[in-house]
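J.: Take a look at this one; I'll ask things after.
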Amino acid sequence: MNTETLINFAYIVSSILFIFGLKMLGRQATARRGNMLSSLGMLLAVVVTLIDRQVVTFQWIITGLAVGGVIGFACARLIKMTSMPEMVALLNGFGGLASLLVGWAEYAKPGEPLSTFTSTVIVLAVFIGGMTFTGSLYAFGKLSGKLSGKPVLFGGQQIVNGMLVLGLAVAGALFVINSGVGAMGPSAFYALLAVAFVLGITMVMPIGGGDMPVVISMLNSLSGLAACAAGFVILNNVLIVAGCLVGTSGVILTIIMCKAMNRSIANVLFSGFGSDATAAAGNSEGQIQGELKPISAEDSFAVLEAARQVVIVPGYGMAVSQAQHIVRELAEMLEENGAEVRFAIHPVAGRMPGHMNVLLAEASVPYEQLVEMDSVNPQMPMMDVAIVIGANDVVNPAAARDKSSPIYGMPIINAHEARTVICLKRGKGAGFSGIENQLFLLPNTRMLYGDAKASLQAVAGEFKAMAEA
Amino acid sequence: MELMLLLFIFVLAAFLGFELIAKVPSQLHTPLMSGSNAISGITIVGALLAAGADDGSMLTTILGTTAVALATINVIGGYLVTDRMLGMFKKKDSGKKGGDA
Chain A
25 MNTETLINFA YIVSSILFIF GLKMLGRQAT ARRGNMLSSL GMLLAVVVTL
75 IDRQVVTFQW IITGLAVGGV IGFACARLIK MTSMPEMVAL LNGFGGLASL
125 LVGWAEYAKP GEPLSTFTST VIVLAVFIGG MTFTGSLYAF GKLSGKLSGK
175 PVLFGGQQIV NGMLVLGLAV AGALFVINSG VGAMGPSAFY ALLAVAFVLG
225 ITMVMPIGGG DMPVVISMLN SLSGLAACAA GFVILNNVLI VAGCLVGTSG
275 VILTIIMCKA MNRSIANVLF SGFGSDATAA AGNSEGQIQG ELKPISAEDS
325 FAVLEAARQV VIVPGYGMAV SQAQHIVREL AEMLEENGAE VRFAIHPVAG
375 RMPGHMNVLL AEASVPYEQL VEMDSVNPQM PMMDVAIVIG ANDVVNPAAA
425 RDKSSPIYGM PIINAHEART VICLKRGKGA GFSGIENQLF LLPNTRMLYG
475 DAKASLQAVA GEFKAMAEA
Chain B
217 MELMLLLFIF VLAAFLGFEL IAKVPSQLHT PLMSGSNAIS GITIVGALLA
267 AGADDGSMLT TILGTTAVAL ATINVIGGYL VTDRMLGMFK KKDSGKKGGD
317 A
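Below, the structure written as structure tokens:
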């Protein structure tokens, strides 16, 4: 068997390992093994590539592997679980840039002018990879708080984006027509590169913090498609299969996230959601009935002490104040006190798909205690207390009732149906979307103001005092 | 003909992807995302070929080596962080012992 056959055979095995790995990642019991299986596939693909006859020098490969390995290892070990969204964004960006460079390297390779096919797929790899890279970096900036999480809109944004797409098409076409050579070839390539980078930024710019789960899963999908395009560039099956699998999984997650907000992808990407809602909320302020009723930590304790059925609804606020550990402690205290505690997780709570699940897992909350929106909602009227921790839009009853609300139609966790609702909130401002939450104004709702962690510590302190007494 | 073959593989892989991932509990959304993100680092194969080629072009080597480094971050970081996350998902019994966080 010659080397080439052996390599291709190994690539098939790698692809199978990726497929099984992904399948197993979809079930709790097998997820960890699935991830290991898929990493084995990756290792195999890397090792057999090293015996490819195209690979003749190793010093640069070793340099690259060493540098990347150390950085990757350090990132994975040192990152805090609360920083997972930005970590995922950053990794996406690196993958995208790597695919771009693979396309570029093929172009830079000395030899005959590119065929129409190769130049076309190089355009795709550069365009998708470049957009993924800068888009991910911008998302990283937003998620880590280095850039404002608010949607950034400027006049004529749609026109600018339209021009960029047009520029992209023109540069790409010129590159292909000239086969990347001559007077036009290289300049068309650099123009393409520049436009792809700019487009990545202008794409993520108008998207608000609460829509980040959609953006992250979309960038994830794009990083896969970039790898796929790179696979077409170097005519490599394993890149095409693996990249395509990642691309589709990202698309599915994106669709799930959009459904959870009852909005279309186009609406998320282009509407600058939340920026104009602020104005709308200001106008309709008179319509909202009721008032905010504050509650102290002592009174919250009294309510919780008597409760038998408690549901906790976490949101981004829990991540911000890093309150997941004290939440778990309080849940344990409630259970020792005889209450049944469950956590209701909205699919888009937080800044990435599954954000709340990761945080609560970090705090050792067993996953059986976490329930999804659809299964908890029918039980809501039986709940004595719902504790809303830094969640806002995902519990806003306006989504079900108020047709004029920008979030009308979004499925929510019906926290308002619980007998008593305790909302933990930092201050009196509106949520990310700028919408006044009608839940806060209902007669059965009490507001526990302050940092979520500090408030919960105060309530937990009351429980401790009771236990000691 | 080879192009058609590649396109064929692409389309089949797309359908396979949809079938594989269509029903994943929201609990696993983040690990699925970071795990599949690590797989997108497969572009490392192309990067290795570019970095290891001896075609006399300095630019190819630089691009290839940078791509190897970036893809390695993506692969190693992605798999390890996914494993770390999945290691934290616990059942009720083991969960009580407190976390390693």
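Read top to bottom, the protein sequences are chains A and B. Just so we're aligned, residue 25 is where the first sequence starts under this note's numbering, counting upward by one. Just so we're aligned, residue 217 is where the second sequence starts under this note's numbering, counting upward by one. From the three backbone atoms N, C-alpha and C, an ideal C-beta is built for every residue, glycine too. Here the structure is a predicted model, which is why all the values come from computation and not from measurement.
Per DSSP, what kind of secondary structure is residue 368 of chain A in: helix, strand or coil?
T.: strand
J.: So which of A:448, A:353 and A:402 has the shortest CA-CA distance to residue 436 of chain A?
T.: A:402
J.: Just how far apart, CA to CA, sit residue 246 of chain A and residue 322 of chain A?
T.: 50 Å
J.: Could you name the residues that DSSP lists as bridge partners for residue 162 of chain A?
T.: DSSP lists no partner for residue 162 of chain A.
J.: Distance check for residue 405 of chain A and residue 364 of chain A, CA to CA, integer angstroms please.
T.: Distance between the alpha carbons of residue 364 of chain A and residue 405 of chain A is about 15 Å.
J.: Are residue 243 of chain B and residue 340 of chain A close, meaning C-beta to C-beta below 7 Å?
T.: no
J.: Touch check for the stretch 121-137 of chain A and the stretch 272-286 of chain B: three-plus C-beta pairs under 8 Å?
T.: yes
J.: Is the Cβ-Cβ distance between residue 408 of chain A and residue 355 of chain A less than 7 Å?
T.: no
J.: Is it true that the CB of residue 337 of chain A sits closer than 7 Å to the CB of residue 494 of chain A?
T.: No answer is possible for residue 494 of chain A: it lies beyond the span of chain A, which begins at 25 and ends at 493.
J.: Would you kindly work out how many angstroms separate the C-alpha atoms of residue 284 of chain B and residue 179 of chain A, rounded to a whole number?
T.: 40 Å
J.: Using a Cβ-Cβ cutoff of 9 Å, what residues of the stretch 391-405 of chain A are near chain B? List them in chain order.
T.: 391, 392, 393, 394, 396 and 397
J.: Under 7 Å between beta-carbons, which chain A residues line up against residue 224 of chain B? List them in chain order, please.
T.: Near residue 224 of chain B there are no residues of chain A at all, since even the closest Cβ is about 10 Å away, more than 7 Å.
J.: Helix, strand or coil: how does DSSP classify residue 283 of chain A here?
T.: helix
J.: Under DSSP, the alpha helix (DSSP H) around residue 488 of chain A begins and ends at which residues?
T.: 476-492
J.: Pick out whichever of A:199, A:478, A:115 and A:53 has its Cα sitting closest to the Cα of residue 306 of chain B.
T.: Nearest option by C-alpha distance: A:53.
J.: Residue range of the alpha helix (DSSP H) that residue 469 of chain A falls in?
T.: Note, residue 469 of chain A: premise wrong, no alpha helix (DSSP H); beta strand (DSSP E) at 469-473.
J.: Using 7 Å as the limit for Cβ to Cβ distance, is residue 249 of chain B near chain A?
T.: yes
J.: Quick check on the burial criterion: 16 or more other C-beta atoms within 10 angstroms. Buried or exposed for residue 32 of chain A?
T.: exposed
J.: Sorted by chain position, which residues of the same chain lie with C-beta nearer than 8 Å to residue 162 of chain A's C-beta, five sequence neighbours on each side aside?
T.: 171, 224, 225, 228 and 229
J.: May I ask which residues mark the beginning and end of the beta strand (DSSP E) holding residue 396 of chain A?
T.: 394-396
J.: For residue 198 of chain A, which residues from the same chain have a beta carbon less than 6 Å from its beta carbon, with the 5 sequence-adjacent residues on both sides left out?
T.: 208 and 212
J.: Could you tell me the alpha carbon to alpha carbon distance between residue 14 of chain A and residue 361 of chain A, rounded to whole angstroms?
T.: Outside the shown range of chain A, which is 25 to 493, sits residue 14 of chain A, and nothing can be said about it.
J.: Below 8 Å, can you find three or more Cβ-Cβ pairs linking the stretch 260-273 of chain B to the stretch 82-95 of chain A?
T.: yes
J.: Could you please tell me which residues of the stretch 358-390 of chain A, in chain order, have their CB closer than 8 Å to any CB of chain B?
T.: If the cut-off is 8 Å between Cβ atoms, the stretch 358-390 of chain A has 369, 371, 376, 377, 378, 379, 381, 382, 385, 386, 387, 388, 389 and 390 near chain B.
J.: Of the residues A:76, A:465 and A:202, which one's Cα is nearest the Cα of residue 314 of chain A?
T.: A:465
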